[in-house]
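Below: one structure, written as structure tokens.
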Amino acid sequence: MSEPAVELRGVSKVYPGTVPVRALDNVDLRVEKGEFVAVMGPSGSGKSTLLHVVGCMDRPTSGTVLVDGIDVAGLGDRELARIRAEKVGFVFQFFNLIPTLNCLENVELPMHILGRLGGADIRARAVRLLQMVGLGERMSHRPAQLSGGERQRVAIARALANMPTLMLADEPTGNLDTQTGLEIVEMLREINEATGQTVIVVTHDPVVAEGAGKVVEMVDGRVVTGDARRGHIAESRGSLHRELEVLRREVMMLELLKEAMHPGEYEARLRGIRSRLDRLEGSFK
Amino acid sequence: MLSIVVKMILRDFTTRRTRTFLTLLGVAIGIAMMVTLGAISEGTSAQLQRSFSEMADFMVSPSRGFAMGNRMDEHYLDVIRTYPEVRAASAYLGGMMFVDGDISLVVGAEEEIFSVISVELGEGRLPNWSNPEMVLGFAAAREMRVEVGDTVEISSGGEGEGEEFLVVGILERAGSFFDSYVFIPLGHMQNMTGYHGQVSFILVELKSQDLADEFEERVESSLAGMEVTSPSAMMRSIDKILGFINGVLLAVSGVSLLVGGTSVAATMMTSVVERTREIGILRALGATREMILGIFLLQSFLLCLFGAVLGVYLSLAITPLIEARISEAAGFSFKAIFSPGLVLGALALAEGIGFVSGIAPALKASRTQPVEALRYE
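Order-wise, the sequence lines are chains F and A.
Be aware that the first sequence starts at 1, since it is given in my numbering, and climbs by one per residue.
Be aware that the second sequence starts at 286, since it is given in my numbering, and climbs by one per residue.
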């Protein structure tokens, strides 16, 4: 069985001050690769803090955070930045596109930051991603020239740019009308289903939660439902099948972006998937 | 990475055009002052260098001091020529005369004058020093619109009393005050001025600079009332004084550059605060602190670089006006010198300012916490 996309063990986050705020209180959470998880809860329940800790934007006060099997709690700023670039894609409530860059450049930005691909490869992949979110015709538009829904689609393309382990969305529909919000949720779900992209969405929109495969509810910094360890029972045939499904989706995603990828990177990812498949085959026997 | 960062910075400049331009201007004015002063200083220095290489090594004059009215007996010349240290010596009788109606400095001299001062003949020939013939400096000839073969009237007073001289040669452009001189034979000058048998001073060139002390001693011990001065040494000290004055002026323009630098720092600080959210986005996308530091330092560098380039252009635009004023005042054509070293030095200085002004805002930017930055409205 492969590593979970992310695993939290006993994670707490305390903001110091005259009255210290315990934003996360001994949280355990496990998200498998390929899952679509909605994190729900009232304002101030620690949802965003959870997302920031999972996304390596913030360090926990105590506990262990494993992203793709890497313990990130003890990493320095540079390593955390590297993990954000490589393994995390963010989608925000207020889109957070760079206003001076056009759509194409906004999608290219994370690839430039990671610095793994050359300029031509970066451009080709950005074009493909924008076509994928249906903005092939608006690539040279600046964010200010786009509607909210279009901006969020650019943000989704940007989040996928480095083919991250985790896609983290913080209230992605919070700044959109109901119809557009639905379209965005639908798009996230489609990406999850078609490509096996792991998605964690923080929301208090029940419609968003409906589309999710798993719902985690938070109150006062604690996870109250959606037992994080539910999927942690001994390996059943069911979980093996799900793992197989994840691999199948990853291969699809890989094929989808193959043209825009550096051949070396494509080979490496394919090799990774193949070795996991071999291990999986071993477990079936 | 670099290309997209430069794109972001340049677009930020163009979206905030007015502020960027005003900040640029602050740097540009400082750099323009500095480059202009530097170019004028280099021009002056080069001019002096040329002048003292052209000028005679030594001048023997009455010890009452060097003044226009001082005169000495021309027989001293014969004595000085017998000194073993002397390679060449020439009489020099200068005076302001009317040359074709305009006042000009006329020098009565002899054949050896052009062995003592080193100005080359540009066209024509040297005068036959017993005939009424003359050679002119480059600028004098141009100003009087005179060519070889023309006749020019020189007089000490009113109209009609003058003597006609044939222009036989024009000197090469020297870039020094010799350019505006008129040279005629000593005898004619003495007749016109009435100073028969007299000269203003005697110019001397030695066989070697090492003989300077011996020559001075010999003059002082054997020629009573005469003293030796060295025009080239004088000019060297003038050059030093000018160098010092230029240093002070450069320091003053340095202060204006400092003001420019302060405005860059202020602009950068504002920019960091305004772009807090952008910093948060970049950090979320995986940019390290060092990248953020680099981005804002680069912005400051570019701001100062553009300011400096604008400043250099500004300087190129105003310097001809200053050259014209100096030429007018000095009576010879003055040229400022924009050496590559000067321009590169100014650009390097501007980049230094860029670093100093940019480092604090860039550090502030790099220390911004990503989560807080994303919350910034």
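Glycine residues also receive a C-beta, built at the ideal position from the N, C-alpha and C atoms.
These numbers come from a predicted model, not from an experiment.
- At least one beta carbon of chain F lies nearer than 8 Å to the beta carbon of M293 of chain A.
- Taken through DSSP and simplified to helix, strand or coil, T225 of chain F comes out as strand.
- Residue range 21-31 is occupied by the beta strand (DSSP E) that includes R30 of chain F.
- Residues of chain F whose Cβ lies closer than 9 Å to the Cβ of R574 of chain A are, in chain order, D77, R78, A81.
- In this structure V433 of chain A touches E408 of chain A by the C-beta definition: roughly 6 Å separates them, less than 8 Å.
- Secondary structure of S441 of chain A (DSSP, three-state): coil.
- V88 of chain F and A155 of chain F do not touch by the CB rule: their CB atoms are close to 13 Å apart, not below 8 Å.
- Among the residues facing chain A, A85 of chain F is included, as its CB has a counterpart in that chain under 8 Å away.
- In the structure shown, the three-state DSSP call for V433 of chain A is coil.
- Setting aside the 5 residues that flank it on each side, G118 of chain F is surrounded in the same chain by H262, each with a C-beta closer than 8 Å to its C-beta; the list follows chain order.
- Take G149 of chain F, set aside five residues on each side of it, and the residues of its chain with a beta-carbon closer than 7 Å to its own are L176, T180, E183, I184, in chain order.
- Residue contact with chain F for M553 of chain A: absent (no Cβ-Cβ distance below 8 Å to any residue of chain F).
- For Q93 of chain F, the secondary structure class from DSSP, reduced to helix, strand or coil, is coil.
- Note on geometry: alpha-carbon atoms of R151 of chain F and T49 of chain F lie some 24 Å from one another.
- Taking the beta carbon of A569 of chain A as reference, the chain F residues within 7 Å of it are M57, R84, F90, listed in sequence order.
- E418 of chain A: member of the beta strand (DSSP E) spanning 418-421, first to last residue.
- Residues of chain F whose Cβ lies closer than 8 Å to the Cβ of V656 of chain A are, in chain order, H52, M57, D58.
- The three-state secondary structure of G482 of chain A, taken from DSSP, is coil.
- Linking M554 of chain A to A650 of chain A through their CA atoms gives a straight-line distance of about 9 Å.
- Of the other Cβ atoms in all chains shown, 16 or more fall within 10 Å of the Cβ of R84 of chain F; this residue is therefore buried.
- Per the C-alpha coordinates, the member of A:M286, A:F468, A:A317, A:M382 positioned closest to F591 of chain A is A:A317.
- Counting along the chain, the unbroken alpha helix (DSSP H) around M519 of chain A starts and ends at 516-559.
- Look at the segment 131-159 of chain F: it has no residue with a C-beta under 7 Å from a C-beta of chain A.
- If you check the CB distance, F617 of chain A and S465 of chain A come in under 8 Å.
- For N106 of chain F and I200 of chain F, the gap between their C-alpha atoms comes out near 22 Å.
- In this chain, E608 of chain A is not harboured by any beta strand (DSSP E); it is covered by the alpha helix (DSSP H) spanning 574-615.
- With contacts defined by Cβ atoms closer than 8 Å, V641 of chain A and G546 of chain A form a contacting pair.
- Within the same chain, and ignoring the five residues on either side of A373 of chain A in sequence, the residues whose Cβ sits closer than 7 Å to its Cβ are E397, S400, V401, E490.
- Within chain A, no C-beta atom comes less than 7 Å from the C-beta of H204 of chain F; the nearest is roughly 18 Å away.
- Between the C-alpha atoms of P110 of chain F and R158 of chain F there is a straight-line separation of about 7 Å.
- When Cβ-Cβ separations below 8 Å define contact, N26 of chain F makes no contact with chain A.
- The shortest C-alpha to C-alpha distance from F586 of chain A to any of A:A633, A:L390, A:M286 is the one to A:A633.
- Take A631 of chain A, set aside five residues on each side of it, and the residues of its chain with a beta-carbon closer than 8 Å to its own are I316, M319, V320, G323, A593, G596, V597, in chain order.
- Taking C-beta separations shorter than 8 Å and ignoring five residues to either side along the sequence, the partners of E265 of chain F in its chain run R116, L117, following chain order.
- Residue pairing by DSSP puts P347 of chain A in a beta bridge opposite A:M511.
- Between A658 of chain A and T552 of chain A, the C-beta spacing is not below 8 Å.
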